[in-house]
Amino acid sequence: MKKYVLLASTLVLSACAATQPTPPITLTPTAVFTSQPWANHKALNLTSVDKAPNSYIAAIDSGTENVQVIQPQQPVSTTLRQALAQQLSGQGFSITDSATSTMMVTVEKALVTVKQGLVKYNMHSELQLQLTVNTPDGQFIKRYSGRSSREDALKASDKDIATSMNKLMNSVLNEIASDSELNKYLTENV
Numbered sequence: 009m010k011k012y013v014l015l016a017s018t019l020v021l022s023a024c025a026a027t028q029p030t031p032p033i034t035l036t037p038t039a040v041f042t043s044q045p046w047a048n049h050k051a052l053n054l055t056s057v058d059k060a061p062n063s064y065i066a067a068i069d070s071g072t073e074n075v076q077v078i079q080p081q082q083p084v085s086t087t088l089r090q091a092l093a094q095q096l097s098g099q100g101f102s103i104t105d106s107a108t109s110t111m112m113v114t115v116e117k118a119l120v121t122v123k124q125g126l127v128k129y130n131m132h133s134e135l136q137l138q139l140t141v142n143t144p145d146g147q148f149i150k151r152y153s154g155r156s157s158r159e160d161a162l163k164a165s166d167k168d169i170a171t172s173m174n175k176l177m178n179s180v181l182n183e184i185a186s187d188s189e190l191n192k193y194l195t196e197n198v
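Counting the sequence shown from 1 gives a position; this note's numbering is that position plus 8.
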């Protein structure tokens, strides 16, 4: 009988000691709106695909054997597509699945790596995407990317990780909004 009680208490204690999975991080990039819409309701089909080598958004290495990975609430490509749809609508585009012109956002890399020490952490964030616009008159392809690094005291929080990736997404969305080469192509070919 004592063996069973000891076995049951060991199982209960080991279950309590198991680490809980980290909840997913919600990313909330902000669309960039122009002061004057210029696209005159031109129709554009907006799609997104995630070709990043990892499905997680962050990897935290605390020097132990296991690296903790954190998933995004939804795929990064979906998050970027939603923000870019708002941005393009603000520029005067009509986002519709039936348009003959297509803009595809391909996420090639979206990752925050954290080296967690005892009293400080180093965080490196990277975002790389490709924008492909296919129109009846041709194709426009361009890559956009951003990188950042940060060192701070104590432990990196989920909020720190989300803030870092959101800032990169905002920077890339701003770069897309102000890209004169892209805007010229859209004006002349969509």
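Backbone N, C-alpha and C fix where the C-beta goes; we use that ideal spot for every residue, glycine too.
The model shown is predicted, which means the values in this text are computed figures rather than measured ones.
Of the other Cβ atoms in all chains shown, fewer than 16 fall within 10 Å of the Cβ of Ala-161; this residue is therefore exposed. Straight-line spacing of the CA atoms in Val-77 and Ala-67 works out to 4 Å. Asn-74 sits away from Asp-145, with the two beta carbons spaced by 9 Å or more. Under the DSSP assignment, Lys-123 falls outside any alpha helix (DSSP H), being part of the beta strand (DSSP E) whose first and last residues are 110-124. Contact between Pro-80 and Pro-37 is absent: CB atoms are separated by about 12 Å, not below the 8 Å threshold.
If you look at Val-84, you'll find it in the alpha helix (DSSP H) that goes 84-98.
In the DSSP assignment, Lys-59 falls outside any beta strand (DSSP E), carrying neither H nor E. Taking a contact to require three or more Cβ pairs closer than 8 Å, the segment 106-113 and the segment 140-156 qualify as touching. With a threshold of 16 other beta carbon atoms within 10 Å, Gln-95 meets it and is buried.
For Ile-68, the enclosing beta strand (DSSP E) begins and ends at 66-69.
Per DSSP, Ser-172 is one residue of the alpha helix (DSSP H) stretching across 166-185.
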